[in-house]
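There are 2 protein chains.
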Amino acid sequence: MKALFFDGLMPHLIETYRVPEPEENEALIRVLMAGVCATDIEIAKGYKGFRGVPGHEFVGLVERVRSPYQGLTGKRVVGEINVGCGACEFCAKGMEKHCLSRTALGISERDGAFAEFLTLPLKNLWEVPEAVSDEEAVFTEPLAAAFQVLEQVHVKPSDRVAILGDGKLGLLIAFVMARQGLNVVLAGKHASKLALAASRGIKTKYSGELQNRPGYEVVVEATGSPEGLNVAVDIVKPRGAIILKSTFASRKNGEPSECAGEVDRRAPIDLSRLVVDEITVVGSRCGPFPPALEALAAKRVDVKSLISAVYPFGDVASAFERSQEKETLKVLLDFRP
Amino acid sequence: MKALFFDGLMPHLIETYRVPEPEENEALIRVLMAGVCATDIEIAKGYKGFRGVPGHEFVGLVERVRSPYQGLTGKRVVGEINVGCGACEFCAKGMEKHCLSRTALGISERDGAFAEFLTLPLKNLWEVPEAVSDEEAVFTEPLAAAFQVLEQVHVKPSDRVAILGDGKLGLLIAFVMARQGLNVVLAGKHASKLALAASRGIKTKYSGELQNRPGYEVVVEATGSPEGLNVAVDIVKPRGAIILKSTFASRKNGEPSECAGEVDRRAPIDLSRLVVDEITVVGSRCGPFPPALEALAAKRVDVKSLISAVYPFGDVASAFERSQEKETLKVLLDFRP
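These protein sequence lines are chains A and B, in that order.
Using this note's numbering, read the first sequence as starting at 6 and increasing by one per residue.
Using this note's numbering, read the second sequence as starting at 6 and increasing by one per residue.
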């Protein structure tokens with residue numbers, strides 16, 4: 006099969022990569038479309054030392070299942086990316102995503118979605134409703150990461166919410182929270198991205214225009230910059246909550262990735278402010294697929310507006326290049342004939 | 006009256022300091038005993054630029070009240086230290102402790118307890134039950150800061166809890182949590198302080214002996230060192246909670262203060278770990294007095310074991326010196342005839 010392979014130096018498109026063989030209770034999935042995420046770009050730069058096929062945002066068709074349960078065979082699915090060992094306390098509690106020996110599709114120890122086929126356990130898969138197009142379905146994974154904010158923190162109707170960062174993830178979080186009627190302002194640095202949010206009725210501000218008085222009960226930090234948390238601390242109200250979405254793969258500022266792996270990159274934080282103002286900081290990563298799929302099916306979140314370009318998979322090099330341009334939002338790869 | 010006055014250079018015992026005049030709805034309180042806190046030591050080194058009478062842990066007698074309500078006149082009381090402006094949104098919500106224009110007894114813009122008299126609003130005062138001695142009552146304020154951990158975070162019976170730091174605050178938190186039957190281990194660097202905890206049936210470890218696998222669902226950071234949070238991140242389980250009690254008044258390691266003011270002291274933190282492991286960090290400061298007073302009245306927390314020395318107020322200089330010795334826990338000042 007055709008696959009993009011990263012050998013530690015640079016990604017190569019290989020025509021004769023071995024089709025993966027599903028293990029017990031896994032499915033073989035034929036990829037229909039995949040999305041390029043900031044993590045993929047970082048992986049192509051050596052992030053996490055990953056070797057293999059990158060890519061973790063996808064929609065595909067279940068080609069074959071190695072299990073007595075065949076209910077998903079032939080179905081169109083999206084898949085959660087973390088695969089636990091199945092034998093530890095986290096897996097026993099259904100927290101595979103925090104299993105210490107987990108693999109992650111296209112990120113850690115498991116070939117990913119920039120290939121004609123991939124494998125995932127059946128329990129990671131969710132059937133895509135008919136009302137959701139392939140293009141939209143690819144957004145399930147990042148949209149789930151946006152919903153995760155509301156899974157972790159109780160945001161009240163009376164709260165003022167600031168979302169820092171107008172990248173894909175910041176925009177998706179703004180779409181989700183604004184659609185729930187929450188009092189949201191999105192802050193960023195890109196005129197075109199802020200304009201996109203504004204055209205969806207979302208209040209926007211340029212970074213730096215945010216007021217530290219009276220401040221915000223809830224601040225979502227999705228800038229991708231280590232400085233983002235300090236900005237959040239400056240504008241959050243005492244007893245407020247900061248939801249931390251940014252991981253940092255490199256020293257230069259980049260867009261946060263909603264499912265990035267672990268890197269040891271320390272940022273200097275004013276801890277005394279956290280204590281004195283009794284601020285809560287909540288780390289937040291991948292999220293639940295069902296509400297994301299439901300929102301897509303009901304057209305409650307306009308993810309199509311985030312698509313900057315669609316490239317055939319054969320032109321993945323151009324897709325990666327385009328993905329790194331400043332005003333680009335989501336770039337999709339099309340595997341369909 | 007006699008008062009310890011800090012002029013920005015060093016504290017002086019002044020014999021003829023002006024007795025404070027209570028404002029509307031405030032009480033004039035004759036101090037019986039006061040406790041020396043790490044914050045007082047920091048203030049004497051110039052922390053926060055405070056000028057005036059330090060001291061914020063006390064028990065006293067209500068001498069006179071400027072209010073139609075006279076129910077507290079003549080009573081023995083302890084007092085919450087933060088005084089809000091009374092006119093802002095935080096005060097309107099009963100969050101005077103987070104009022105942006107607040108004063109704080111002996112810490113910020115308000116003369117404190119190292120004097121024969123002090124003033125506080127009536128609503129800050131709590132009558133001390135007869136079963137609580139003066140010595141014990143002085144611990145109400147730091148004990149309330151220990152209880153604040155349980156006000157902010159739901160610690161479950163099945164959680165493994167690590168408390169980092171065997172100073173006064175770490176010990177009080179360990180006493181409170183262990184007494185509730187929680188599965189607590191106290192980690193520190195001082196043999197005598199760990200032995201004190203062990204003699205109360207609390208599991209102890211030397212710092213560095215804590216296991217990062219399987220780790221702890223809840224970690225209370227009370228080391229007073231900026232590195233403490235990174236240790237906490239290393240040993241907390243994914244999805245776990247870190248309660249941050251330490252503020253940092255100086256670069257060298259010191260004991261945390263439960264009610265310290267604001268200083269801009271940044272510590273380098275691995276934010277990616279917070280995100281990937283979805284850790285919650287909760288800043289925690291002063292706490293509620295009623296559960297602390299109840300615990301003291303019921304002798305559920307043995308605060309007397311934390312008293313290293315009692316000095317007459319006239320010998321406050323010796324008290325400050327003693328307070329800074331390595332093995333010292335709480336030093337009290339006695340104002341009684």
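Backbone N, C-alpha and C fix where the C-beta goes; we use that ideal spot for every residue, glycine too.
So which of the options has the shortest CA-CA distance to residue i?
i: Val67 (chain B); options: B:Arg35, B:Glu85, B:Gly60 and B:Ala39; result: B:Arg35
i: Pro295 (chain B); options: B:Phe152, B:Gln75 and B:Glu326; result: B:Phe152
i: Ser113 (chain A); options: A:Ile274, A:Glu283 and A:Tyr52; result: A:Tyr52
i: Asn188 (chain B); options: B:Gly170, B:Val224, B:Phe122 and B:Asn217; result: B:Val224
i: Gly288 (chain A); options: B:Thr252, B:Lys331, B:Arg244 and B:Val190; result: B:Arg244
i: Leu234 (chain B); options: B:Leu215, B:Ala272, B:Gly213 and B:Glu222; result: B:Ala272
i: Pro27 (chain B); options: B:Lys7, B:Thr21, B:Ile46 and B:Leu123; result: B:Leu123
i: Met230 (chain B); options: B:Asp171, B:Ala97 and B:Ala203; result: Here residue 230 (chain B) is Ser; the residue named in the question, Met, does not match the sequence. It is B:Asp171 whose Cα lies nearest to the Cα of Ser230 (chain B).
i: Gly54 (chain A); options: A:Leu18, A:Gly84, A:Leu33 and A:Asp12; result: A:Asp12
i: Ser212 (chain A); options: A:Glu20, A:Leu191 and A:Leu298; result: A:Leu191
i: Val83 (chain B); options: B:Lys250, B:Ser197, B:Glu62 and B:Phe10; result: B:Glu62
i: Glu1 (chain A); options: A:Leu249, A:Thr252, A:Arg23 and A:Asp275; result: Residue 1 (chain A) lies beyond the range of chain A shown here (6 to 342); nothing can be said about it.
i: Thr21 (chain A); options: A:Ser72, A:Ile240 and A:Phe10; result: A:Phe10
i: Ala8 (chain A); options: A:Gly89, A:Arg81 and A:Asp116; result: A:Asp116
i: Leu18 (chain B); options: B:Phe119, B:Lys161, B:Leu33 and B:Val336; result: B:Phe119
i: Ser72 (chain A); options: A:Val133, A:Gly57, A:Glu29 and A:Glu101; result: A:Glu29
i: Ala297 (chain A); options: A:Glu132, A:Val286 and A:Ile247; result: A:Glu132
i: Asp339 (chain A); options: A:Val64, A:Glu31, A:Ala32 and A:Val58; result: A:Val64
i: Thr285 (chain B); options: B:Val241, B:Ala303, B:Gly292 and B:Asp320; result: B:Val241
i: Ser328 (chain B); options: B:Ala32, B:Leu33, B:Glu31 and B:Gly40; result: B:Gly40
i: Leu14 (chain B); options: B:Met6, B:Ala32, B:Arg56 and B:Phe180; result: B:Arg56
i: Ile207 (chain A); options: A:Tyr221, A:Ser313 and A:Ile178; result: A:Ile178
Which chain A residues sit within Cβ distance under 7 Å of residue i?
i: Val287 (chain B); result: Thr285
i: His17 (chain B); result: Those within 7 Å of His17 (chain B) in chain A number zero; the least Cβ separation is about 28 Å.
Given that a residue counts as buried once 16 or more other Cβ atoms are within 10 Å of its Cβ, and exposed if not, what is residue i?
i: Asn87 (chain B); result: buried
i: His103 (chain B); result: buried
i: Arg107 (chain A); result: buried
i: Gly91 (chain A); result: exposed
i: Gly99 (chain A); result: exposed
i: Gly259 (chain A); result: The pLDDT assigned to Gly259 (chain A) is 43, lower than 50, so where the model puts this residue is not dependable, and the model offers no usable value.
i: Arg290 (chain A); result: buried
i: Asn217 (chain B); result: exposed
i: Tyr316 (chain A); result: buried
i: Glu263 (chain B); result: Note that Glu263 (chain B) has pLDDT 45, beneath the 50 cutoff, so the model's placement of it is unreliable and no number is given.
i: Ser323 (chain B); result: exposed
i: Pro147 (chain A); result: buried
i: Ala136 (chain B); result: exposed
i: Leu37 (chain B); result: buried
i: Gly111 (chain B); result: buried
i: Ala167 (chain B); result: buried
i: Arg278 (chain B); result: buried
i: Ser163 (chain B); result: exposed
i: Pro16 (chain B); result: buried
i: Leu169 (chain A); result: buried
i: Glu226 (chain A); result: buried
i: Ala300 (chain B); result: buried
i: Pro59 (chain B); result: buried
i: Glu330 (chain A); result: exposed
Just to make sure I have the definition right: I need the residues of chain B whose C-beta is within less than 7 Å of the C-beta of residue i. Which are they?
i: Met6 (chain A); result: The premise fails here: Met6 (chain A) is roughly 31 Å from chain B at the closest Cβ pair, so nothing lies under 7 Å.
i: Ala272 (chain A); result: Pro273, Ile274 and Leu276
i: Val160 (chain A); result: Ordered by position in chain B, no residue passes the 7 Å Cβ test against Val160 (chain A), which lies about 15 Å from the chain.
i: His195 (chain A); result: In chain order: nothing, as chain B lies at least about 22 Å away.
So which residues on chain A does residue i lean against when the C-beta distance must stay under 8 Å?
i: Pro231 (chain B); result: Leu276
i: Val280 (chain B); result: Leu249, Lys250, Ser251, Thr252, Ala265, Gly288, Ser289 and Arg290
For residue i, is the beta carbon positioned less than 7 Å from some heavy atom of the ligand SAH?
i: Met15 (chain A); result: What this structure holds is no ligand at all, so the ligand SAH is not there to describe.
Which residues of chain B have a Cβ atom closer than 8 Å to the Cβ of residue i, listed in chain order?
i: Met100 (chain A); result: Pro243 and Arg244
i: Glu94 (chain A); result: Pro219
Name, please, each residue of chain A whose Cβ falls closer than 9 Å to the Cβ of residue i.
i: His61 (chain B); result: The contacting residues do not exist; His61 (chain B) stays about 14 Å from chain A at best.
Does any residue of chain D have a CB that is nearer than 8 Å to the CB of residue i?
i: Leu234 (chain B); result: This model lacks chain D altogether, as its protein chains are A and B.
Pick out the complete beta strand (DSSP E) segments inside the stretch 166 to 236 of chain A, 3 residues or longer, and give them in chain order. 188 to 193, 208 to 211 and 221 to 226
Just list the beta strand (DSSP E) runs in the stretch 66 to 123 of chain B, keeping only unbroken ones of 3 residues or longer that don't cross its boundaries, in chain order. 81 to 84 and 108 to 110
Sufficient close CB pairs (3 or more, under 8 Å) joining the stretch 306 to 326 of chain B to the stretch 132 to 142 of chain B: yes
Check whether the stretch 128 to 136 of chain B and the stretch 169 to 187 of chain B touch, using three or more Cβ-Cβ pairs below 8 Å as the test. no
Give the list of continuous alpha helix (DSSP H) stretches no shorter than 4 residues that lie fully inside the stretch 272 to 324 of chain A. 276 to 281 and 294 to 302
Contact between the stretch 71 to 89 of chain A and the stretch 42 to 49 of chain A is defined here as three or more beta-carbon pairs at a separation below 8 Å; is this criterion met? no
So within the stretch 8 to 64 of chain A, which uninterrupted beta strand (DSSP E) runs reach at least 3 residues, ignoring any that extend past its ends? 8 to 11, 16 to 19 and 31 to 41
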